[in-house]
Amino acid sequence: MKARLWITLVAAVVLVAVAVGYTLHSARRVTATGAALTLDARALLFRAPDGRVTARSPDGQVTTGDRACDRFSAAAGTGLCLVATPGAVPTTTGIVLDGHLRETRRLQLPGIPSRAQVSPTGRFLSWTTFTTGDSYAASGTFSTATGILDARTGTFVVNIENLQLYVDGERYHAPDINVWGVTFAADDNTFYATLASRGRTYLVRGDFAEWSARTVRENVECPSLSPDGGRLAFKKRVGTGWRLYVLDLSTMAEHPLAESAEVDDQAVWFDDATVGYGRAGTVWTVPADGSGAPTRLVDGSSPAPHNGPNA
Numbered sequence: 001m002k003a004r005l006w007i008t009l010v011a012a013v014v015l016v017a018v019a020v021g022y023t024l025h026s027a028r029r030v031t032a033t034g035a036a037l038t039l040d041a042r043a044l045l046f047r048a049p050d051g052r053v054t055a056r057s058p059d060g061q062v063t064t065g066d067r068a069c070d071r072f073s074a075a076a077g078t079g080l081c082l083v084a085t086p087g088a089v090p091t092t093t094g095i096v097l098d099g100h101l102r103e104t105r106r107l108q109l110p111g112i113p114s115r116a117q118v119s120p121t122g123r124f125l126s127w128t129t130f131t132t133g134d135s136y137a138a139s140g141t142f143s144t145a146t147g148i149l150d151a152r153t154g155t156f157v158v159n160i161e162n163l164q165l166y167v168d169g170e171r172y173h174a175p176d177i178n179v180w181g182v183t184f185a186a187d188d189n190t191f192y193a194t195l196a197s198r199g200r201t202y203l204v205r206g207d208f209a210e211w212s213a214r215t216v217r218e219n220v221e222c223p224s225l226s227p228d229g230g231r232l233a234f235k236k237r238v239g240t241g242w243r244l245y246v247l248d249l250s251t252m253a254e255h256p257l258a259e260s261a262e263v264d265d266q267a268v269w270f271d272d273a274t275v276g277y278g279r280a281g282t283v284w285t286v287p288a289d290g291s292g293a294p295t296r297l298v299d300g301s302s303p304a305p306h307n308g309p310n311a
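For the sequence shown, the UniProt record's numbering assigns the number 311 to the last residue and increments by one with no breaks.
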């Protein structure tokens, strides 16, 4: 009887200890989440595996917020969070965020989230959604809607396919035009994007003030402009998949990056020497000059291009 009582008391003590330990662990976990998260230029911002916006400081401290996104981008204290709304006709909610991840504007968009981008100055925000199909993998079977918001003037374009398009210098019209993967220059006017039509894919250079875009070259998808404005990281179709490349805009010379695996993402620049991207649920970086090897950073996706650890 005494032995049984002693065992019961020991078990109770163990259970209490476990409960206290779990409570302390939970408390520590909670202190790393919530309102402390900001769009700090000294932190790497990304989307955690559970969808929540997360920051990793240069010393390795990780802070996870309460804001969950399906796609995310941030620059210059402005964020863009895309959230899918399932249904018979799927839609996307675009949420514009301030430096403390507070909502400043909400946009109702067609389709399923695919790409998000904020310009270096934070003035322009762009997104791409799939309105039919769910990937770029099967050419000709998908349709996209790409929009732009001018946060300064409030100008909101749901789909930029009404751009004045020029292919090889000639005004271009076609019923199957798709434009996606916008990237912005620092002048708050120039942008690059992908144009697909009639089985061909082009890089186009756009002028926001003129509302026009002209082809630069073929076989460039999801471009990302370097901070110095002189190069584009992009994905290039090689065989049946995509490889990451960098294009020098002054010479039109291109070279592959050291990532040998297929990457279906719009790459970002951490600085003029480093390209980042998401692959298989992990954020990676690789040297922009084609040397070295990929470096794993964190589990997650949607790394913010101008908020990297070297900012």
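The beta-carbon is built from N, C-alpha and C at its ideal position, and this holds for glycine as well.
Just so we're clear, the structure is a prediction, and the values are computed from it rather than from any experiment.
Quiz prompt | DSSP bridge partner residues for residue 127 (one or two, in chain order) | solution = According to DSSP, residue 127 shares a beta bridge with 116, 147.
Quiz item: What is the DSSP secondary structure of residue 25, reduced to helix, strand or coil?
Solution: For residue 25, the predicted structure reports a pLDDT of 35, less than 50, and the residue's modelled location is therefore unreliable. A value from the coordinates is still provided. Residue state, collapsed to three classes: helix.
Exercise. Measure the alpha-carbon distance for residue 182 versus residue 147 and round it to whole angstroms.
Key: A straight line joining the alpha-carbon of residue 182 with that of residue 147 spans about 9 Å.
Practice problem: Output the distance between the C-alpha atoms of residue 176 and residue 109, rounded to the nearest integer angstrom. | Solution: Looking at the two C-alpha atoms, the distance is approximately 20 Å.
Self-check item: Neighbour-count burial assignment, residue 120, 16 or more Cβ in a 10 Å radius
Solution: Residue environment for residue 120: buried (at least 16 other C-beta atoms within 10 angstroms of its C-beta).
Exercise. Compute the distance between the beta-carbons of residue 68 and residue 51, then report whether it is under 8 Å.
Key: In terms of Cβ geometry, residue 68 and residue 51 form a close pair [threshold 8 Å].
Quiz item: Straight-line CA distance for residue 154 to residue 262?
Solution: Looking at the backbone, the Cα of residue 154 and that of residue 262 are separated by about 38 Å.
Quiz item: So the beta strand (DSSP E) residue 202 belongs to, where does it begin and stop?
Solution: Residue 202: member of the beta strand (DSSP E) spanning 200 to 207, first to last residue.
Quiz item: Beta-carbon separation of residue 205 and residue 217 under 8 Å?
Solution: Contact: no.
Self-check item: Start and end residues, beta strand (DSSP E) containing residue 178
Solution: Run containing residue 178: 178 to 184, per the beta strand (DSSP E) assignment.
Quiz prompt | Pick from 185, 62, 111 that is closest to residue 143, judged by C-alpha positions | solution = The option with the nearest alpha carbon to residue 143 is 111.
Self-check item: Residue range of the unbroken beta strand (DSSP E) whose run includes residue 101
Solution: It is not in any beta strand (DSSP E) - residue 101 carries neither H nor E in the DSSP assignment.
Quiz item: Should residue 253 be labelled buried (16 or more other beta-carbon atoms within 10 Å of its own) or exposed?
Solution: Label assigned to residue 253: exposed.
Quiz item: Helix or strand or just coil, what does DSSP make of residue 161?
Solution: Note: residue 161 maps to helix in three-state DSSP.
Quiz prompt | Any beta strand (DSSP E) of 3 or more consecutive residues that is wholly inside the stretch 50 to 102 | solution = Inside the stretch 50 to 102, DSSP marks whole beta strand (DSSP E) runs of 3 or more residues at positions 52 to 56, 62 to 68, 71 to 75, 78 to 85, 91 to 97, from first to last along the chain.
Practice problem: Pick helix, strand or coil for residue 172, following the three-state DSSP scheme. | Solution: Residue state, collapsed to three classes: coil.
Quiz item: If you draw a straight line from the alpha carbon of residue 201 to that of residue 244, how long is it in whole angstroms?
Solution: Looking at the backbone, the Cα of residue 201 and that of residue 244 are separated by about 16 Å.
Practice problem: Go ahead and label residue 60 buried or exposed: buried means 16 or more other beta carbons lie within 10 angstroms of its beta carbon, across all protein chains shown. | Solution: The residue is exposed, with fewer than 16 neighbouring Cβ atoms inside 10 Å.
Quiz item: At which residue ranges does the stretch 212 to 291 contain complete beta strand (DSSP E) runs of 3 or more residues, listed in the order of the chain?
Solution: The beta strand (DSSP E) runs of length 3 or more contained entirely in the stretch 212 to 291 are, from start to end of the chain, 212 to 218, 221 to 225, 231 to 238, 241 to 248, 254 to 256, 268 to 271, 274 to 279, 282 to 287.
Practice problem: Please report how far the alpha carbon of residue 187 lies from the alpha carbon of residue 129, in whole angstroms. | Solution: Roughly 25 Å between the two C-alpha positions.
Practice problem: Mind reading off the beta-carbon distance from residue 258 to residue 212? Whole number of angstroms is fine, and I expect it under 8 Å. | Solution: At roughly 36 Å, the Cβ-Cβ gap does not stay under 8 Å, so residue 258 and residue 212 are not in contact.
Quiz item: How many angstroms separate the CA atom of residue 173 from the CA atom of residue 194?
Solution: Computed Cα separation, rounded: 16 Å.
Self-check item: Segment limits, beta strand (DSSP E) that includes residue 197
Solution: Element bounds for residue 197: 190 to 197.
Self-check item: residue 46 - containing beta strand (DSSP E), residue span
Solution: For residue 46, the enclosing beta strand (DSSP E) begins and ends at 44 to 47.
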